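Step one of this worksheet: look at the structure below.
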Amino acid sequence: MIGNMQLNDEGKLKHFLSIEGLDKCLLTEILDTAESFAGMSAQQVKKVPLLRGKTIVNLFFENSTRTRTTFELAATRLSADVINMNIATSATSKGESLLDTIRNLEAMFVDMFVVRHALSGAAHFIAQQTASHISVINAGDGQHAHPTQAMLDMFTIRQLKPNFSNLRVAIIGDILHSRVARSEIQALNTLGVAEVRVIAPKTLLPAHVESLGVSVSHNLNEGLKDIDVVMMLRLQKERMTSALLPSESEYFKCFGLTEEKLKIAKPDAIVMHPGPINRGVEIDSKVADGPQSVILKQVSNGIAVRMAIMAMAMQTLPSSPGRPVTQAPSLAITGGL
Ligand code: ASP
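Quick note, the sequence shown lines up with residues 6 to 342 if you use this note's numbering.
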């Protein structure tokens, strides 16, 4: 159902709400399109006119550093006008409903909402309710999904380990509350990795987690064997309603990633984390800042991937790539703006 509403009548991306329902071909199109934007950060003029004249509203009802900033950078590099709604000082704090906020912003002729909300399904709700010319991008909804994080992580993995069918990926930590984990599992399985393994204490795993298409381990020392990609997750304390762990130091002892534990994975394994990292809770500083860490590469890649998703949803790519796409469009900057 979500899958269908994310695509327009021609099968092209209209909203980006969840990885669920999107096929390998579309995910690959996003990665290929992002590839064509990736070099832009090194250019003197970091702009293309693809979204010139479009207005994008960043609606972040939950805190964010990386996601909000890279969405804003991505939009401005596409030459869009960007409005960052400060929810703390907006009428939401006076009791205005989400729907009324959306209706009022629609009346200002905006073209896209980028939404982060504590409630699962918020972006989906807005996409259902909003005017038909407006695209909605989910920047994280409750415990449900964080699809752009998953795509920037797929992009980062593909840069370093292009053969997905050989890859064993471990996702470690608070799977239960993680919208990132849900979207990563869907993206990795859709792109056809050999194995997605979740490693966590029983209290931090959802019921019937195997049905998501993963294998399960409760022991980091065993679970890290043969792993190519190690994805660490933060303990989402703001979403925990009861005490699920004895203590943070006990958690670090059993599930924290140290240099010694990382040696159990393949020698060329990469270490990822969506941020924010909690040093000494889920990851040791020596690993976070070490040679196998690609954590800051993930952040950089967030710009190109979010540019790709926004340009695709607005249908403004030069060759209007339909599906399937075999080659990324050339987006060489012709003199900037
Ligand atoms: N930044 C990610 C998110 O928004 C992960 C996290 O907050 O731990 O879900």
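Don't be surprised by glycine CBs; every beta carbon is placed ideally from N, CA and C.
Computed from a predicted structure; not experimentally measured.
Can you tell me which residues form a DSSP beta bridge with residue i?
{"i": "Ala150", "result": "Asp146"}
{"i": "Leu18", "result": "Leu12"}
{"i": "Glu40", "result": "Paired residue(s): none; Glu40 is not in a bridge."}
{"i": "Glu25", "result": "According to DSSP, which records beta bridges pairwise, Glu25 is partnered with nothing at all."}
{"i": "Leu301", "result": "According to DSSP, which records beta bridges pairwise, Leu301 is partnered with nothing at all."}
{"i": "Glu200", "result": "Arg173"}
{"i": "Val234", "result": "Val174, Ile275"}
{"i": "Arg284", "result": "Ile288"}
{"i": "Ser388", "result": "Here the chain covers residues 6 to 342 and nothing more, so residue 388 does not appear."}
{"i": "Ser222", "result": "Ile204"}
What's the call for residue i, buried or exposed, on a 16-neighbour Cβ count within 10 Å?
{"i": "Lys268", "result": "exposed"}
{"i": "Thr208", "result": "exposed"}
{"i": "Leu157", "result": "buried"}
{"i": "Met319", "result": "buried"}
{"i": "His213", "result": "exposed"}
{"i": "Met45", "result": "buried"}
{"i": "Leu262", "result": "buried"}
{"i": "Ser23", "result": "buried"}
{"i": "His122", "result": "buried"}
{"i": "Met315", "result": "buried"}
{"i": "Ala136", "result": "exposed"}
{"i": "Thr38", "result": "buried"}
{"i": "Val50", "result": "exposed"}
{"i": "Arg57", "result": "exposed"}
{"i": "Met6", "result": "Per-residue confidence for Met6 stands at a pLDDT of 47, beneath the threshold of 50, marking its modelled position as unreliable; the derived number appears in the next sentence. Exposed, since its Cβ has fewer than 16 Cβ neighbours within 10 Å."}
{"i": "His129", "result": "buried"}
{"i": "His182", "result": "buried"}
{"i": "Met96", "result": "The sequence shown places Ala at residue 96, not Met. Classification for Ala96: exposed."}
{"i": "Ala132", "result": "buried"}
{"i": "Met113", "result": "exposed"}
{"i": "Ser247", "result": "exposed"}
{"i": "Asn143", "result": "buried"}
{"i": "Ala155", "result": "buried"}
{"i": "Asp179", "result": "buried"}
{"i": "Leu32", "result": "buried"}
{"i": "Thr94", "result": "exposed"}
Looking at the secondary structure, which residues open and close the beta strand (DSSP E) in which residue i lies?
{"i": "Ser5", "result": "Lying before the first or after the last residue shown, residue 5 is absent from the chain, which here runs from 6 to 342."}
{"i": "Ile88", "result": "86-90"}
{"i": "His122", "result": "117-122"}
{"i": "Val50", "result": "Element bounds for Val50: n/a, residue is neither H nor E."}
{"i": "Ser216", "result": "No beta strand (DSSP E) holds Ser216; DSSP gives it neither H nor E."}
For the alpha helix (DSSP H) containing residue i, name the first residue and the last one.
{"i": "Met45", "result": "Per DSSP, Met45 belongs to no alpha helix (DSSP H) and is neither H nor E."}
{"i": "Thr74", "result": "71-82"}
{"i": "Ile190", "result": "184-195"}
{"i": "Thr60", "result": "That residue, Thr60, is in no alpha helix (DSSP H); its beta strand (DSSP E) goes 60-65."}
{"i": "Val292", "result": "290-293"}
{"i": "Ile131", "result": "127-134"}
{"i": "Ile107", "result": "103-111"}
{"i": "Ser254", "result": "253-260"}
{"i": "Glu227", "result": "225-228"}
{"i": "Lys166", "result": "Counting along the chain, Lys166 falls outside any alpha helix (DSSP H), and DSSP gives it neither H nor E."}
{"i": "Glu265", "result": "264-267"}
For residue i, which residues from the same chain have a beta carbon less than 7 angstroms from its beta carbon, with the 5 sequence-adjacent residues on both sides left out?
{"i": "Arg73", "result": "Asn63, Phe65"}
{"i": "His151", "result": "Gly145, Arg184, Val185, Ser188"}
{"i": "Asn13", "result": "Lys19"}
{"i": "Lys222", "result": "The residue you asked about is not Lys; residue 222 is Ser in the sequence shown. So the list reads Arg202, Ile204, Gly228, once near-sequence residues are dropped."}
{"i": "Leu78", "result": "Ile308"}
{"i": "Glu215", "result": "Val221"}
{"i": "Thr321", "result": "Leu55, Leu56"}
{"i": "Leu428", "result": "A question about residue 428 goes unanswered here, because the residues of the chain that appear run from 6 up to 342."}
{"i": "Met245", "result": "His182"}
{"i": "Pro296", "result": "none"}
Looking only at its chain, what residues have a beta carbon closer than 6 angstroms to the beta carbon of residue i, apart from the 5 residues adjacent to it on each side?
{"i": "Met117", "result": "Ile61, Ser140"}
{"i": "Phe169", "result": "Leu196, Gly197, Val198"}
{"i": "Ala80", "result": "Ile61, Val87"}
{"i": "Leu250", "result": "Tyr256"}
{"i": "Val174", "result": "Leu193, Val198, Val201, Val234"}
{"i": "Thr75", "result": "Gly307, Ile308, Arg311"}
Is there a C-beta anywhere in chain D that falls below 8 angstroms from the one on residue i?
{"i": "Met159", "result": "Within the model displayed, chain D is absent; a lone protein chain is all it includes."}
Give me, in chain order, the residues of the same chain whose beta-carbon lies closer than 8 angstroms to that of residue i; leave out the 5 immediate sequence neighbours on both sides.
{"i": "Gly126", "result": "Asp146, Gly147, His149"}
{"i": "Ser98", "result": "Ile92"}
{"i": "Arg284", "result": "Ser290, Ala293"}
{"i": "Gln345", "result": "Only positions 6 to 342 of the chain appear in the structure, and residue 345 is not among them; the question remains open."}
{"i": "Ile300", "result": "Val276, Met277, His278, Gly280, Ile282, Ala293"}
{"i": "Lys166", "result": "Leu172, Asp233, Val234, Ile275"}
{"i": "Asn226", "result": "Lys266, Ile269"}
| message | Check whether the region 310-321 and the region 143-162 touch, using three or more Cβ-Cβ pairs below 8 angstroms as the test. | response | Cβ pair count under 8 angstroms is three or more, so yes.
| query | For the 8 angstroms Cβ check, are there 3 or more pairs between the region 282-294 and the region 254-264? | reply | These segments touch.
| query | For the 8 angstroms Cβ check, are there 3 or more pairs between the region 226-245 and the region 269-286? | reply | Yes, they touch.
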